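In numbering that gives the first Met the number 0, the protein residues as written are 0 to 569.
Each residue gets a CB set at the ideal place from its N, CA and C atoms; glycine is no exception.
Note that the structure is predicted; figures quoted are calculated from it, not measured.
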Amino acid sequence: MDLYEVFSGSSLDVIAEEGLSGDEEDLKEKHEKVEEEVNRDLPTKEAFVVVPGMREAREVSSTFQRFSVDTDDSLRFEPFIPSSDEDGTTSAVCADDVFEEHTESEDKVNIIRTKLEGKVAEMENFTGHLEEIFLTVEENFGRREQHLEQHYNDVLQTLSQRYDERTAALGEEKKMKLETLYNKLLDCGRMLDASKDLIETAQELYRTEDKRLFLQSVMPTMKRIEEFAKEKPGLTLATPLEFETPLADLSDVKTLMDSINIVPAPSAPVINPQVANSATQTSLRVCWSLFSDDTVEFYELYYRPVLEDAAAVDCAEAPDVCKVNETHCWVEDLHPNAQYEFWVTATNTTGISPASEKAVYMTVPSPPVIRERGCSSCPEAALIRWESGNTNPVESYTVDLSETGTDEEGGVTESIVAVPTCECLIQLQPGRQYLISVRAVNIGGPSNKSEPICISTTGTVFHLLQDTAHPCLSLSEDGFSMFYGDEELPISAMTFDDNTFARCAAVLGDLIPVRGRRYWEVAVEEATEYRIGVAYEDTQRNSYLGGTDSSWCMRHVLTPSRRKYDFLPN
């Protein structure tokens, strides 16, 4: 059985900074400035000397590095000229002891600082809560004051209207009484004029000396006097002098006075859209607002998962409910990268408001899963591929990397944000090792980090692609080795597709991330004939490697007398 194994051909070496070239006076001035700055910024930190291990015998004029560790900043290196004892050697043991003591002290300071930061965060949260309560009290007081003022104005307006109506009624009654009395006075005047006229006529008739004229006039006069005497003048008043005092109907005023203590039912709240970084994998912060003139005792927040199937929506279970007193709520026990619809109602002593419009919120995604077989690297860069692992859309990804073997190991030294797809090409430094993890991001915020992958830039690492392998070949689980089966398969038992080599038993490796010079060391078994080389991604699958211009390879052939190597196609 033939064995092919691919591995990196580079090795990790110790990097030391060689002596700086330049004038010694300039170097001393720079050193003095650096020491002054370090002593000013970090008065309690001491300088340490890095001693090149395993290379004491090498006589070089090297300028090693002074470094200081600060709790708030990353590791900072600055040029430093080492001091020597009388015999010209540097005391590494003393430096190591001081470094250990300094590290212990710094760890204690970090612990104390972490506790203080936690206390400060708790106090800030409590202060923020008090501020929210203060604002709520102010808003409620303003609404109550406005409510009382409105009722006061309504009562005054109603009383003023009743006063105007009563005054107008009294005026009409007065006018009617005066008109009745005036008509009665006119009737009395007419009767007095008629009586006076009869009296004067009778007197004139009595004084006349003409008998004949007397006899002619006395009878009509007597008849008029008799008729006037029959009339009975009305000597009673046609209208009473007193004004009516009707009962005042102030029922509406009483209703208004009673309604001062009755708070109207609130209007429908307005639920706010989701803001960035307002969620975790299992919780959400939902906010809403209300009209300023509404008084509310509590809110009820309803929520349920968003279901795409209309039939499933009709059969959905009753929504969950949260009862809160503020215009925001943290909803917990949710699913990662899930969509939920929320709506809210407001309640006071009078009743419940209509429900708000529904709003959709999202929890943060689940951590992505890095595909180790899909990742490749070279001394200058690495190509990282991963799977989202989320059913709902993800806005972007963030790639975090930290260099191992340094004091900052485990901390994020660099982040690449807004990666739109599930792969990212990262520029790296040669001869280093990195821990790389990925986070998925949506409107709710970033997910937790994925399981990290260790990437080394001491050589070129890539995997063999299973989907390009000839059916007679088998690949190892790590993707670095290939095996040729002991038994020959008939062509009828082989399965080919468009990406599989059909004419020769070959397999392609993954693409190299960036351009550059590369070499690989390949381990093969004895007495094996093989071809190994490089090819374009779209090289023909029905031809031999090196048979066209799309691939280049070295062919190894065993002859009875020697090993023969050819380089194809030219």
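DSSP places G508 within a strand segment (E or B) once states are collapsed to three. S352 is positioned such that its CB atom lies closer than 7 Å to that of S266. Nearest C-alpha to R431 among G458, E225 and N271: G458. Within the model, the alpha-carbon separation for T403 versus T456 is close to 12 Å.
In this structure, Y483 keeps its C-beta atom at 7 Å or more from the C-beta atom of A439. DSSP places T558 in the coil class of the three-state scheme, outside both helix and strand. Distances from the alpha-carbon of D466 to those of N124, S446, N447 and D496 put D496 closest. Sixteen is the threshold: since fewer than 16 other Cβ atoms of the shown chains lie within 10 Å of the Cβ of V119, the residue is exposed. Counting along the chain, no beta strand (DSSP E) covers L212; the unbroken alpha helix (DSSP H) around it starts and ends at K210 to K229. If you draw a 10 Å sphere on the C-beta of M481, you find 16 or more other C-beta atoms in it, and that means buried. Each residue's CA atom was taken as its position, placing C187 and Q160 some 41 Å apart. Taking K176 as the centre and dropping the five residues before and after it, the same chain places the C-beta of T238 closer than 6 Å to its C-beta, in chain order. In this structure N441 is buried. Its beta-carbon is surrounded by 16 or more other beta-carbon atoms within 10 angstroms.
Nearest neighbour of R223 by Cα position, chosen from T235, A201 and R211, turns out to be A201. Here M493 is exposed: its Cβ has fewer than 16 other Cβ atoms, across all protein chains shown, within 10 Å. When the five nearest sequence neighbours on each side are left out, no beta carbon in the same chain lies closer than 7 Å to the beta carbon of K173. Burial state of N336 is buried, judged by a 10 Å Cβ sphere holding 16 or more other Cβ atoms. Between V368 and S355, the gap from beta carbon to beta carbon reaches 7 Å or more. Of V437, E123 and I454, the smallest CA-CA separation from N447 is found for V437.
Counting along the chain, C328 sits inside the beta strand (DSSP E) bounded by residues H327 to V330. The beta carbons of A505 and L544 sit closer together than 7 Å.
Separation of D192 and L158 (C-alpha to C-alpha, rounded to the nearest whole angstrom) is 51 Å.
Between the alpha carbons of G388 and V330 lies a distance of about 23 Å. Beyond the five residues adjoining it in sequence on each side, P318 comes within less than 8 Å, by CB distance, of Y301, Y302 and R303 in the same chain, given in chain order. DSSP, read as helix, strand or coil, puts T294 in coil.
Residue environment for Q273: buried (at least 16 other C-beta atoms within 10 angstroms of its C-beta). Residue pairing by DSSP puts Q338 in a beta bridge opposite M361.
Under a 10 Å Cβ-count criterion, I198 is classified as exposed, with fewer than 16 other Cβ atoms of the shown protein chains found around its own Cβ. A straight line joining the alpha-carbon of L147 with that of K183 spans about 54 Å.
It is roughly 12 Å from the alpha-carbon of T235 to the alpha-carbon of T179. Straight through space, the alpha carbons of L382 and H555 are spaced by roughly 31 Å. Residue pairing for C453: DSSP places it in a beta bridge opposite L434. Taking 7 Å as the cut-off, the beta carbon of P512 is found no closer than this to the beta carbon of A417.
Bounds of the beta strand (DSSP E) holding I425 are E422 to Q426. In the three-state reduction of the DSSP assignment, L333 falls in the coil class, being assigned neither a helical nor a strand state.
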